[in-house]
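Asker: The opening position of the sequence shown corresponds to residue 3 in this note's numbering, with each subsequent residue numbered one higher. Using N, Cα and C, we set each Cβ at its ideal position, and we do this for glycine too. Quick caveat, the model's predicted, so the values are computed rather than measured. Handing you a structure now.
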Amino acid sequence: MTTTAVMRKQLFINGEWRDATGGKTIEVVNPATEEVIAEVASADKSDVDAAVAAARAALDGPWGKLSARERGKLIWKIGEKLLEKADEIARLETLHNGKPIFESRQIEVPASAECFQYYAGWADKIHGETVPVKGNYLTYTLREPVGVVAAIVPWNFPLLLTSWKVAPALACGNTVIIKPASQTPLPALALAEIAHEVGLPAGVINVVTGPGSKVGQMLVEHPGIDKIAFTGDTSTGKGIMKGSADTLKRITLELGGKSPNIVFPDADLDAAIRGATTGIFYGKGEVCAAGSRLLVDTSIKSEFVDKVAARARKMMPGDPLDPKTRLGAISSKKQLENNLRYIEIGKKEGAQVVAGGGRADIGTGKGYFLQPTVFDGVTPEMTIAREEIFGPVLATIEFADVDEAIARANDSNYGLAAAVWTKDIKKAHYVARKLQAGTVWINTYNIYDTAAPFGGYKQSGFGREMSMHALEHYTQVKSVWVDLNQ
């Protein structure tokens, strides 16, 4: 693994790089080496105020005066520039998140570019309508931007989840303040630099870095913020709802998950085994929609779990910067310890570890690496079956029939995603309709496209990211009445 010189990064406000007013910084750590790779400015209230003022001025000024088509062209250029800088940005992503460079370079950066180019196409297709009303009136609607949007982004997909918020917000004519996670701020800062390079007016995109409990809370409570778009854990999402209540901000929340991956005995079992392992181990399991509950029919459970466990034992972590690596480092020491804590809880509550269960060493003696872990003998009331672990830890639960599979799948506070594995198309559609989840995959897992909406049921949040449905969250509708009576 290559040691990288410590980078020093400032805030990006009103088209300029600046230090935090108080001069404070936060350290960014490479989870694969435990080395500090960057020092990033930690914003104060005056910095947040300046970002809000800059965003408001751009909204009322140059950005608001551009035509929708001109906005779309600039947004498209962001996507192009992301692809031009893909190697550089992917490396940043991997260095401070620990994910394999393969995922960063081949999946996350291209998907982020696609997101900007998708919404660039929407920019001049967002419009109002005429309304047939009683009386001699012309009535029409205007679909207008909500205003200044705060995008509060987690550490697991720093660039992609930023793109999911920023791209539709810009397409609708809003301005944005990005608050990236403290552990992974570098892609958001790179995105701001790209936006500046392609010609977005100053103040359209601003980035304020620092602890979420401080900087994020300032944005949540700030009277100059019109909307919060948040991805993160459910408890933080609840706090954002409470904190924004006094100013009645618009909010969209994409929160936690405990997604069921349901395997029926008539499935293509080889495909289902691949789907079960990639469903939980892709992204090190640090994926909101990870298939962390494996529900398997009793008649095939033993053989199926044995094969999943055997596959898991082969998926050992490696150097995230090695293009051959498919499982990287857990994103932080805190997150590694949290995963290990849940593994111990699972053991104490009677579940059996059939693969993994401890830290992994890739030969350096450093890094927050965890063995892919599979539990068998999990019952629905166990902690590891109910709480989001957010790591490569799989809980296997058996079921006797279709109705029990549906009941156990829905027996959760969460409802972000689910999957069904069966060759019976009627059964597949029946179960998909019954599952309480915002996304249901049939005979596949972890497939996404910018054109398809993504979001949760229940305590996995509300609102949708991606697709045309996201545009609704970044616009507001005005009715205009014209008296035509003579």
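What separation, rounded to the nearest whole angstrom, lies between the Cα atoms of glutamate 37 and aspartate 405?
Answerer: Answer to the nearest angstrom: the Cα atoms are 50 angstroms apart.
Asker: Jot down the residue ranges of each uninterrupted alpha helix (DSSP H) in the segment 36-109, minimum 4 residues, whole runs only, in chain order.
Answerer: Listed in chain order, the complete alpha helix (DSSP H) runs (minimum 4 residues) inside the segment 36-109 are 47-62, 64-67, 70-86, 88-99.
Asker: Return the Cβ separation of aspartate 228 and arginine 252 in integer angstroms, given the expectation that the two are a contact with Cβ distance under 8 angstroms.
Answerer: So it is a contact: roughly 7 angstroms between Cβ atoms.
Asker: Quick one: is histidine 431 buried, meaning 16 or more other Cβ sit within 10 Å of its Cβ, or exposed?
Answerer: Its Cβ having fewer than 16 others within 10 Å, histidine 431 is exposed.
Asker: Could you check how far apart the C-beta atoms of threonine 177 and valine 206 are, in whole angstroms? I think they sit under 8 angstroms.
Answerer: 5 angstroms between Cβ atoms; contact.
Asker: Among Glu195, Asp51, Lys349, Pro322, which residue has its Cα nearest to the Cα of arginine 107?
Answerer: That would be Pro322, whose Cα lies nearest to the Cα of arginine 107.
Asker: Quick one, which of Pro262, Ser44, Ala34 has its alpha-carbon nearest phenylalanine 14's?
Answerer: Nearest of Pro262, Ser44, Ala34 to phenylalanine 14, Cα basis: Ser44.
Asker: Could you say which of Leu162, Pro394, Tyr416, Leu342 lies nearest to alanine 183 if we only look at CA atoms?
Answerer: Among Leu162, Pro394, Tyr416, Leu342, the Cα nearest to that of alanine 183 belongs to Leu162.
Asker: On the three-state DSSP scale, how would you describe aspartate 235?
Answerer: Aspartate 235: coil per DSSP, three-state reduction.
Asker: So who's on the other strand from phenylalanine 464, going by DSSP bridges?
Answerer: In the DSSP output, where bridge partners are listed per residue, phenylalanine 464 has Leu255.
Asker: Pull the bridge partners of tyrosine 370 from the DSSP assignment, please.
Answerer: DSSP output for tyrosine 370 lists no bridge partner at all.
Asker: Quick one: grab the DSSP three-state call for glutamine 478.
Answerer: Of the three classes helix, strand and coil, the one that applies to glutamine 478 here is strand, per DSSP.
Asker: Which stretch, first to last residue, makes up the beta strand (DSSP E) that contains asparagine 208?
Answerer: Where asparagine 208 is concerned, the enclosing beta strand (DSSP E) stretches over 207-209.
Asker: How far does the alpha helix (DSSP H) with alanine 411 in it reach, from first residue to last?
Answerer: Segment 404-412, the alpha helix (DSSP H) holding alanine 411.
Asker: Can alanine 381 and glycine 359 be called in contact, C-beta distance under 7 angstroms?
Answerer: It is threonine, not alanine, that sits at residue 381 in the sequence shown. No, they are not a contact pair.
Asker: Classify leucine 250 as buried or exposed, calling it buried when 16 or more other Cβ atoms lie within 10 Å of its own Cβ.
Answerer: Result: exposed.
Asker: Which residues in the same chain as alanine 453 place their Cβ atom closer than 6 angstroms to its Cβ, once the five residues preceding and following it in sequence are excluded?
Answerer: Cβ neighbours of alanine 453 beyond the five flanking positions: Ser469.
Asker: Give the single residue among Glu95, Gly463, Gly137 whose Cα lies nearest to the Cα of tryptophan 2.
Answerer: Outside the shown range of the chain (3 to 488) lies residue 2, about which nothing can therefore be said.
Asker: In this structure, how does DSSP classify arginine 313 when only helix, strand and coil are distinguished?
Answerer: If DSSP states are grouped into helix, strand and coil, arginine 313 belongs with the helices.
Asker: Alpha carbon to alpha carbon, how far is aspartate 308 from valine 265?
Answerer: In a straight line, the C-alpha of aspartate 308 is about 14 angstroms away from that of valine 265.
Asker: Report yes or no: do three or more beta-carbon pairs, one from the segment 296-314 and one from the segment 262-279, lie closer than 8 angstroms?
Answerer: The segment 296-314 vs the segment 262-279: in contact.
Asker: If arginine 295 sits next to lysine 260, beta carbons under 8 angstroms apart, how far is it from one beta carbon to the other, in whole angstroms?
Answerer: Yes, they are in contact, since the Cβ atoms of arginine 295 and lysine 260 sit about 6 angstroms apart, within 8 angstroms.
Asker: Between the alpha carbons of isoleucine 230 and tyrosine 476, how many angstroms are there, rounded?
Answerer: Straight-line Cα distance between these residues: approximately 10 angstroms.
Asker: Any idea what DSSP makes of proline 160, helix, strand or coil?
Answerer: Of the three classes helix, strand and coil, the one that applies to proline 160 here is helix, per DSSP.
Asker: Report, in whole angstroms, the separation of the C-beta atoms of asparagine 448 and tyrosine 284, which I expect to be a contact under 8 angstroms.
Answerer: Right, the Cβ-Cβ distance comes to about 6 angstroms (below 8 angstroms), so this counts as a contact.
Asker: Quickly, what does DSSP pair aspartate 299 with across the bridge? List them, please.
Answerer: For aspartate 299, which the question treats as bridged, DSSP gives the partners Phe401.
Asker: State the DSSP-derived secondary structure class of glutamine 119, mapped to helix, strand or coil.
Answerer: If DSSP states are grouped into helix, strand and coil, glutamine 119 belongs with the helices.
Asker: Quick one: residues in its chain with C-beta nearer than 7 angstroms to the C-beta of alanine 411, no 5 flanking neighbours on either side, listed in chain order?
Answerer: Here the set comprises Pro262, Ile264, Leu297, Ala420, Leu437.
Asker: What did DSSP end up calling glycine 393 once you bin it into helix, strand or coil?
Answerer: The answer is coil: DSSP assigns glycine 393 none of H, G, I, E or B.
Asker: If distances are taken between C-alpha atoms only, which option among Glu86, Ile180, Thr132, Leu172 comes closest to leucine 473?
Answerer: The shortest Cα separation from leucine 473 among Glu86, Ile180, Thr132, Leu172 belongs to Leu172.
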